[in-house]
Amino acid sequence: MTTWKSAIVLQLFFAVVAMGQASINESTPHHMWYVDAGAGKDTNPGTDAEPFKTIQRALKDATTQPSKILIHSGVYREYLDIAPGEALLILEATHPGEVSISGADAVNDWQKIENGLLFFPWKNHWRLNGEQAYFPGARTRYNLRREMVFANDFRLTQRCNEDPTGSGIAPSELKPGEFTVRENEEKIYLRLPDGMPPAFGKGGRIEVAVRGYAPGKSPDDGKPLCFVRGRSNLILRGLRFERSCNYIGGNPALSIRSEGTKDTATWAGNILIDRCAFDDNNGCGFGMTLVKNLTFLNCTASRNGERGGGGHCVQNVLIDSCHIDNNGWRYGPWLLGHDMAGLKFFDGAVEDAWFAARTTNLQIKRCGFKGNQCFSLWQDFGPTGTVIDSCLFEDSPRPAIFQEVTPGPLTVRNTIIRRCGLTDEPRAAVLVVASPDVRFEGCTIFDCGSDKLKDSTLFHLLSDTRKVSPAMENKVVRLQLENCVLQANRPNCYLFRTGSWNGADNARKDFPATLVADHNIWFCADRPAEGADIFRNGKNAFFKSTIYTDKDAWMNDYPDLSFEQWQKGGQDKNSKWQSIPLETLDKIAPPHP
Numbered sequence: 034m035t036t037w038k039s040a041i042v043l044q045l046f047f048a049v050v051a052m053g054q055a056s057i058n059e060s061t062p063h064h065m066w067y068v069d070a071g072a073g074k075d076t077n078p079g080t081d082a083e084p085f086k087t088i089q090r091a092l093k094d095a096t097t098q099p100s101k102i103l104i105h106s107g108v109y110r111e112y113l114d115i116a117p118g119e120a121l122l123i124l125e126a127t128h129p130g131e132v133s134i135s136g137a138d139a140v141n142d143w144q145k146i147e148n149g150l151l152f153f154p155w156k157n158h159w160r161l162n163g164e165q166a167y168f169p170g171a172r173t174r175y176n177l178r179r180e181m182v183f184a185n186d187f188r189l190t191q192r193c194n195e196d197p198t199g200s201g202i203a204p205s206e207l208k209p210g211e212f213t214v215r216e217n218e219e220k221i222y223l224r225l226p227d228g229m230p231p232a233f234g235k236g237g238r239i240e241v242a243v244r245g246y247a248p249g250k251s252p253d254d255g256k257p258l259c260f261v262r263g264r265s266n267l268i269l270r271g272l273r274f275e276r277s278c279n280y281i282g283g284n285p286a287l288s289i290r291s292e293g294t295k296d297t298a299t300w301a302g303n304i305l306i307d308r309c310a311f312d313d314n315n316g317c318g319f320g321m322t323l324v325k326n327l328t329f330l331n332c333t334a335s336r337n338g339e340r341g342g343g344g345h346c347v348q349n350v351l352i353d354s355c356h357i358d359n360n361g362w363r364y365g366p367w368l369l370g371h372d373m374a375g376l377k378f379f380d381g382a383v384e385d386a387w388f389a390a391r392t393t394n395l396q397i398k399r400c401g402f403k404g405n406q407c408f409s410l411w412q413d414f415g416p417t418g419t420v421i422d423s424c425l426f427e428d429s430p431r432p433a434i435f436q437e438v439t440p441g442p443l444t445v446r447n448t449i450i451r452r453c454g455l456t457d458e459p460r461a462a463v464l465v466v467a468s469p470d471v472r473f474e475g476c477t478i479f480d481c482g483s484d485k486l487k488d489s490t491l492f493h494l495l496s497d498t499r500k501v502s503p504a505m506e507n508k509v510v511r512l513q514l515e516n517c518v519l520q521a522n523r524p525n526c527y528l529f530r531t532g533s534w535n536g537a538d539n540a541r542k543d544f545p546a547t548l549v550a551d552h553n554i555w556f557c558a559d560r561p562a563e564g565a566d567i568f569r570n571g572k573n574a575f576f577k578s579t580i581y582t583d584k585d586a587w588m589n590d591y592p593d594l595s596f597e598q599w600q601k602g603g604q605d606k607n608s609k610w611q612s613i614p615l616e617t618l619d620k621i622a623p624p625h626p
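When you read off a place in the sequence shown, starting at 1, and then add 33, the result is the number in the numbering used here.
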């Protein structure tokens with residue numbers, strides 16, 4: 034019989050490091066170019082002794098021949114445009130992490146007023162960004178702005194009024210660590226964080242985001258800091274892409290895109306992103322569209338206002354040993370902030386011309402997702418054959434994984450989900466909507482949901498009428514849970530909850546009859562009976578598999594099964610009902626570097 038110790042060991046063990054999806058021969062003979070923002074000149078020949086000043090100048094000479102561009106430490110305040118081509122191209126920091134492609138400029142003409150209150154001139158009248166087609170008018174004025182200010186690398190919080198223009202508040206209302214844009218005065222006011230003013234005048238630094246904006250209407254009112262246009266055989270190593278004032282849709286800080294069609298033979302690819310960072314951008318950190326054979330290795334995508342990263346119609350992508358943390362600070366509640374995610378992959382529905390070119394073979398391994406104010410991983414209308422292996426999801430107000438109207442299969446192995454779905458709807462560790470073929474193997478899910486609100490759960494399962502293709506099953510069927518530790522430790526958290534969107538039948542009509550579950554360790558905390566609540570004690574957390582036709586009556590007329598009754602019905606023959614202390618579960622080491 035499986036014990037909780039052996040189940041946890043399964044999570045910490047992986048035998049072989051998977052091969053990357055990119056395969057590039059770096060020993061191919063190539064020309065060397067050098068760049069130094071501090072000592073270089075663009076009129077130089079680009080040698081080690083006489084380097085270029087800008088990376089874009091080096092790219093001009095590295096388009097058609099195999100090339101390696103070595104970039105010395107520094108901040109590069111420029112846009113990069115990497116043109117189409119097949120020749121080997123490597124952009125590499127001489128000291129990984131010390132090369133920044135920045136969307137921000139230094140502010141040198143700031144002036145003090147009093148008590149840590151400063152201002153500087155600001156002539157960019159960006160005003161509010163455009164609404165999206167879904168939920169128009171639902172976002173706050175703060176959600177629709179894009180300005181960012183940093184003081185000594187600390188990102189200040191923007192404040193604005195909720196009037197139609199989202200105008201700046203009175204400077205006197207600013208709290209420490211906040212700023213506001215007064216476009217009528219052509220000034221930005223800010224108040225330094227507590228503790229910063231005494232040393233600020235001695236080498237203190239203010240930066241404001243200026244790159245990432247382009248005139249136009251959302252979502253075309255932005256520009257990537259680095260645009261990879263149909264380039265294959267590319268390596269980016271040790272670079273930071275940060276502080277872009279980009280906005281939702283199509284303009285991440287790093288954009289990798291083919292000019293191809295839904296015929297995957299036309300897609301560019303074979304790209305390695307190694308030890309790069311996509312941090313502190315207003316919108317999305319990185320994005321990829323119509324490309325194949327990519328590897329992200331030892332990267333971070335953190336503190337972005339919208340998403341850490343994601344893709345649309347991509348194939349053979351490996352994201353390995355990366356950290357996707359603290360994203361989604363700019364946008365609102367989970368549904369109204371519709372594009373918020375740590376990572377999001379979206380393909381399209383029946384009416385979308387691209388749905389035939391669905392995302393396939395996405396592998397996310399040994400990654401950490403922490404503190405995202407949104408879904409940590411969102412698969413929407415598309416990906417097939419996704420594998421999540423040896424990852425850690427923790428400390429998020431929303432679900433760790435959202436599988437929405439997506440054909441699957443999705444396999445989650447050896448993964449820990451803890452303290453997710455804590456405060457915001459839906460309060461769940463895992464949300465599955467109208468998606469078949471979701472499998473959890475050797476996973477531990479615990480300490481999720483709310484302490485006070487009784488609609489929180491480990492698995493929230495919903496039916497829906499939407500489909501991504503005519504043949505797709507749009508039901509929650511063939512959910513598999515094996516060799517897992519599943520602990521609803523909080524008194525108001527359940528193991529399962531079901532429901533429906535868009536008038537579909539309740540997911541409970543299909544999910545219990547097709548569930549495969551065995552060799553698990555279950556527990557659901559005791560709670561008092563409350564009215565018509567069907568979960569009358571900790572063990573009545575398993576659904577009968579009978580399909581009832583009266584979807585309004587069966588919830589009260591047919592109580593749930595206890596664990597013993599559930600086992601007698603043929604499920605979970607080798608599973609256990611056992612409470613494991615939180616301190617024991619919390620000692621599980623993160624399964625990634």
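A virtual CB, placed ideally from N, CA and C, is assigned to each residue, including glycine. For clarity, every value in this text was computed on a predicted model and none was experimentally measured.
- DSSP places residue 393 within a strand segment (E or B) once states are collapsed to three.
- Between residue 293 and residue 323, the gap from beta carbon to beta carbon is short of 8 Å.
- Residue environment: residue 208 is assigned as exposed (fewer than 16 neighbouring CB atoms within 10 Å of its CB, all protein chains considered).
- For residue 619, the enclosing alpha helix (DSSP H) starts and ends at 615-619.
- The C-alpha of residue 333 lies about 16 Å from the C-alpha of residue 126.
- Its chain contains 350, 416 and 419 as the residues whose beta carbon lies nearer than 6 Å to that of residue 395, once the 5 sequence neighbours on both sides are disregarded; these appear in chain order.
- Rounded to the nearest angstrom, the gap between the Cα atoms of residue 615 and residue 476 is 15 Å.
- Three or more beta-carbon pairs separated by less than 8 Å link the stretch 450-458 to the stretch 430-437, which places the two stretches in contact.
- Residue nearest to residue 255 within the set 205, 179, 523 and 170 is 179 (criterion: CA-CA distance).
- Contact between residue 67 and residue 92 does not hold, since their C-beta atoms are separated by about 13 Å, which reaches or exceeds 8 Å.
- With distances taken between CA atoms, residue 379 lies nearest to 438 out of 174, 227, 407 and 438.
- Counting along the chain, residue 427 sits inside the beta strand (DSSP E) bounded by residues 425-429.
- With a beta-carbon spacing of about 6 Å, residue 485 and residue 525 fall inside the 8 Å limit used to define contacts.
- In this structure, the beta-carbon distance from residue 521 to residue 495 does not fall below 8 Å.
- It is roughly 21 Å from the alpha-carbon of residue 266 to the alpha-carbon of residue 295.
- The C-beta separation of residue 376 from residue 342 comes to about 6 Å, placing the pair in contact by the 8 Å criterion.
- Measuring C-alpha to C-alpha distances from residue 444 to each of 424, 459, 461 and 457 identifies 424 as the nearest.
- According to the DSSP secondary-structure assignment, residue 66 is paired through a beta bridge with 102.
- Distance from the CA atom of residue 119 to the CA atom of residue 54, rounded to whole angstroms, is 17 Å.
- About 6 Å separates the beta carbon of residue 257 from that of residue 286, a gap short enough to meet the 8 Å contact definition.
- In the three-state reduction of the DSSP assignment, residue 248 falls in the coil class, being assigned neither a helical nor a strand state.
- The three-state secondary structure of residue 110, taken from DSSP, is coil.
- Your pair residue 348 and residue 297 checks out as a contact, with CB atoms roughly 6 Å apart and the cut at 8 Å.
- Residue range 549-551 is occupied by the beta strand (DSSP E) that includes residue 550.
- Counting of Cβ neighbours within 10 angstroms places residue 211 among the buried residues, the total reaching 16 or more.
- Residue 140 places its beta carbon 8 Å or farther from that of residue 152.
- Judged by DSSP secondary structure, residue 226 falls outside any alpha helix (DSSP H); it is assigned neither H nor E.
- Considering only 548, 549, 511 and 498, the residue with the shortest C-alpha distance to residue 533 is 498.
- Below 8 Å, too few C-beta pairs join the stretch 130-144 and the stretch 229-236 to call them touching: fewer than three.
- Scanning its chain for C-beta atoms nearer than 6 Å, with the 5 sequence neighbours on each side dropped, one finds around residue 505 the residues 440, in chain order.
- Residue 258 carries a coil assignment under DSSP once its states are collapsed to helix, strand and coil.
- The beta carbons of residue 407 and residue 374 sit closer together than 8 Å.
- Between the alpha carbons of residue 480 and residue 109 lies a distance of about 43 Å.
- Around the beta carbon of residue 198, fewer than 16 other beta carbons lie within 10 angstroms, which makes this residue exposed.
- Secondary structure of residue 167 (DSSP, three-state): coil.
- Contact between residue 241 and residue 221 holds, with the beta-carbon distance rounding to 7 Å and staying under 8 Å.
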